[in-house]
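Note sheet for the following structure.
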Amino acid sequence: MEETRFYVGMWVTKDGYIRHELLPNGRYDEARGNRQSAYQGKYSITENHIDYVDDTGFTADGDFKNGILYHAGMVLYKEE
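The opening position of the sequence shown corresponds to residue 106 in this note's numbering, with each subsequent residue numbered one higher.
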């Protein structure tokens, strides 16, 4: 988990509609608009690539570039 420490935290789209919280235990919680915990599951990070598996088995991935998360056509920024 040492390599993932930078990535742990809340990532949000510019408009705040999508919020991915990457938890330190390898789980994530995604909110969409007013819908809290719209998706939950686990994630793993290898270098700058993230793989998601939600609790229903759906998979997705993304890449971190220059401190920005690019995921499924979305651009997310880390909240400080």
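Just so it is clear, CB atoms sit at the ideal spot from N, CA and C, and this is done for glycine as well.
In this structure W116 is in contact with K183, their Cβ atoms being roughly 5 Å apart against a cut-off of 8 Å. Looking at the DSSP output, D166 bridges to D156. Secondary structure at Y144: strand, using DSSP grouped into helix, strand and coil. Burial state of H125 is buried, judged by a 10 Å Cβ sphere holding 16 or more other Cβ atoms. Exclusion of the five residues before and after I123 leaves V117, E135, A136, R137, M179 and L181 as the residues of its chain whose Cβ lies within less than 8 Å of its Cβ. Bounds of any beta strand (DSSP E) do not take in D120, whose DSSP letter is neither H nor E.
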